[in-house]
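Participant: First the structure, which I've put down as structure tokens, then a few questions once you've had a look.
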Amino acid sequence: MVHMNQGQGETSYARNSAFQSAQQNRMKLLIEAAIIDLGSNTNTLLPQKVVIADLGCSTGPNALALVSIAIKAIQSYCLQLQQPSPELLVFLNDLPDNDFNMVVKSLVTLRQSKKPLVMIGVTPGSFYERLFTSSSLHLVCSSSSLQWLSKAPEVLARNHIPAYDIDEKARRERLPIVLQAYAEQFRKDFTHFLELRAKELAPGGQMVVSIIGRRFDGIASFHIWEIITQVLSVMASEGVIDKEKFNSFYMPMYGPSNEELKEIIHEEGSFSIREMLVHDFTGGINKELITPAWTANQLRAVFEQILVQHFGDLMDDFVKTSERCWSVEGRLHDELARLAMLTVSVSKA
Ligand SMILES: C[S@@+](CC[C@H](N)C(=O)[O-])C[C@H]1O[C@@H](n2cnc3c(N)ncnc32)[C@H](O)[C@@H]1O
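Mapping of the sequence shown onto the numbering used here: residues 279 to 627, in sequence order.
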């Protein structure tokens, strides 16, 4: 079970999610355009009740950011076209271990306005399963979540192929097999995600999702989780973590390229692409902030649970080793530059 670091402490996701927050800001225009499209299905009139879901909402300020953008977009759409505000039903989804207590406490901010009327529910569960009744949703949003797979590809563990060989030559030789296995798992998962949402969205329904992916296509390209496994491999070669444990660690995560996403959406066939954007992973963040120590804490908030589940308590060593690896001039910048924030806006065909 994946979850981001809970609460509001120093290592919490609430205080260490700046990359994701910057990405949510960049989704604003696409969400606003999706609301306009929703109205255009019915001669500019929005449905009397609009149902919105954020999938993989997590905790902290980011949990309400996308739905707040959508609510404001609906308010200004109705004001501009002088039509009555619809009633809004908002669902926040994440895996059951997410810190929903904190999410629920912060919900009061969404309900402060009387117009439109906003009702809110939480929907714990995996977005790789059905979460909502058929044709019940009008807008689905999701930010920085769909790079998480339903599971790591089993074929690698079955054949004792480590995701990241400590030995560089072996790693290069096996890279195509590893990447292929992850790409196939992502294709399966994302196709399934599209099929499920196609059932849950009403005709003309809209979806705006962002995924942490990679800048370049191709087999020699970078895996999103390499930024973590490179540090772990240093820890394994220095004896801080067990080599066997390292070799059996598979992160259930895959960063697709823009082209891959496009191809899967076309092949699945339920949605037409309205817009696709590719942004720098570090875009929208003050570059002076992005130091090795700061970045290590941002990653810790996301990966601590999954690393501790597999390796035991290694986080202080992980942060120290990350800082040491990334303090080599230009290295951190080069690694982050290989990631990309992919955003796609689609309408149900
Ligand atoms: C990096 S956080 C992004 C959170 C938030 N949307 C943001 O932009 O800051 C990814 C979230 O996706 C959730 N997640 C991962 N796999 C999921 C799944 N199968 N179903 C629902 N949520 C999932 C994680 O628990 C986590 O809270």
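Backbone N, C-alpha and C fix where the C-beta goes; we use that ideal spot for every residue, glycine too.
Would residue 530 and residue 429 qualify as a contact pair, given that the criterion is a beta-carbon distance under 9 Å?
Facilitator: Residue numbering aside, residue 530 sits at position 252 when the sequence shown is read from its first letter. Residue numbering aside, residue 429 sits at position 151 when the sequence shown is read from its first letter. Yes; because the gap between Cβ atoms is below 9 Å, this pair is in contact.
Participant: Kindly indicate the opening and closing residues of the alpha helix (DSSP H) around residue 598.
Facilitator: In the sequence shown, residue 598 corresponds to position 320, counting from 1. Residues 593-604.
Participant: Could you tell me if residue 478 is buried or exposed, where buried requires 16 or more neighbouring beta carbons within 10 angstroms of its beta carbon?
Facilitator: As a first step, residue 478 must be located in the sequence shown, where it is residue number 200. Residue 478 is buried by the Cβ-count criterion.
Participant: My understanding is that residue 553 touches residue 308, with C-beta atoms under 8 Å, so please give their C-beta distance in whole angstroms.
Facilitator: By 1-based counting over the sequence shown, the position of residue 553 is 275. By 1-based counting over the sequence shown, the position of residue 308 is 30. At roughly 6 Å, the Cβ-Cβ gap stays under 8 Å, so residue 553 and residue 308 are in contact.
Participant: Within 10 Å of its beta-carbon, does residue 268 have 16 or more other beta-carbons around it, so buried, or fewer, so exposed?
Facilitator: Since the first residue of the chain shown is 279 and the last is 627, residue 268 is not available in this structure.
Participant: Please report the straight-line C-alpha distance between residue 513 and residue 564, rounded to a whole angstrom.
Facilitator: Counting from one through the sequence shown, the residue named residue 513 turns up at place 235. Counting from one through the sequence shown, the residue named residue 564 turns up at place 286. Approximately 30 Å between the Cα atoms of the pair.
Participant: Put residue 309 into one of helix, strand or coil per three-state DSSP.
Facilitator: Indexing the sequence shown from 1 puts residue 309 at position 31. Residue 309: helix per DSSP, three-state reduction.
Participant: Excluding five sequence neighbours on each side, which residues of the same chain lie with their C-beta closer than 8 Å to the C-beta of residue 506?
Facilitator: Position 228 of the sequence shown, counted from the start, is the residue given in the question as residue 506. So the list reads 529, 577, 581 and 585, once near-sequence residues are dropped.
Participant: In the DSSP assignment, find the unbroken beta strand (DSSP E) run with residue 485 in it and report its ends.
Facilitator: Reading the sequence shown from its first residue, position 207 is the one you call residue 485. Element bounds for residue 485: 479-492.
Participant: Let me confirm a value: residue 544 is counted as buried when at least 16 other C-beta atoms fall within 10 Å, else exposed. Which label applies?
Facilitator: Along the sequence shown, read from residue 1 onward, the residue named residue 544 stands at position 266. Residue 544 is exposed by the Cβ-count criterion.
Participant: Between which two residues does the beta strand (DSSP E) holding residue 369 run?
Facilitator: Here residue 369 refers to the residue found at position 91 of the sequence shown. It spans 365-372 - the beta strand (DSSP E) in which residue 369 sits, taken as one unbroken run.
Participant: Quick check on this structure: which residue in 393, 445, 282 and 295 has the alpha carbon closest to the alpha carbon of residue 568?
Facilitator: Indexing the sequence shown from 1 puts residue 568 at position 290. Closest by alpha carbon: 295.
Participant: Short of 8 Å in beta carbon distance, which residues of its chain neighbour residue 402, apart from the five on each side in sequence? Order them along the chain.
Facilitator: If you number the sequence shown from 1, residue 402 lands on position 124. Around residue 402: 371, 372, 373, 374, 376 and 378.
Participant: Give me the residue from 282, 351 and 556 with the minimum Cα distance to residue 359.
Facilitator: In the sequence shown, counting from the first residue as 1, residue 359 sits at position 81. Taking only the C-alpha atoms, the option nearest residue 359 is 351.
Participant: For residue 561 and residue 617, what's the separation of their Cα atoms in angstroms?
Facilitator: What you label residue 561 is simply residue 283 of the sequence shown in a count that begins at 1. What you label residue 617 is simply residue 339 of the sequence shown in a count that begins at 1. Distance between the alpha carbons of residue 561 and residue 617: 11 Å.
Participant: Any idea which residues DSSP pairs residue 397 with across the strands?
Facilitator: Within the sequence shown, numbered from 1, the residue matching residue 397 stands at position 119. According to DSSP, residue 397 bridges with 367.
Participant: Can you give me the C-alpha to C-alpha distance between residue 614 and residue 364, rounded to a whole angstrom?
Facilitator: Start at 1 with the first residue of the sequence shown, and residue 614 comes out as number 336. Start at 1 with the first residue of the sequence shown, and residue 364 comes out as number 86. Between residue 614 and residue 364, the C-alpha separation is close to 42 Å.
Participant: Below 8 Å, can you find three or more Cβ-Cβ pairs linking the region 601-612 to the region 459-470?
Facilitator: Counting Cβ pairs under 8 Å, fewer than three are found: no touch.
Participant: Between 342, 557 and 482, which has its C-alpha nearest residue 492's C-alpha?
Facilitator: If you number the sequence shown from 1, residue 492 lands on position 214. With distances taken between Cα atoms, residue 492 lies closest to 557.
Participant: Below 8 Å CB to CB, which residues in the same chain sit around residue 627 once its five sequence neighbours on both sides are set aside?
Facilitator: Taking the sequence shown and counting its residues from 1, one reaches residue 627 at position 349. Taken in chain order, the residues that qualify are 547, 548, 549 and 550.
Participant: Determine whether the beta carbon atoms of residue 349 and residue 382 lie at a separation below 9 Å.
Facilitator: Position 71 of the sequence shown, counted from the first residue, corresponds to residue 349. Position 104 of the sequence shown, counted from the first residue, corresponds to residue 382. The answer is no: Cβ separation not under 9 Å.
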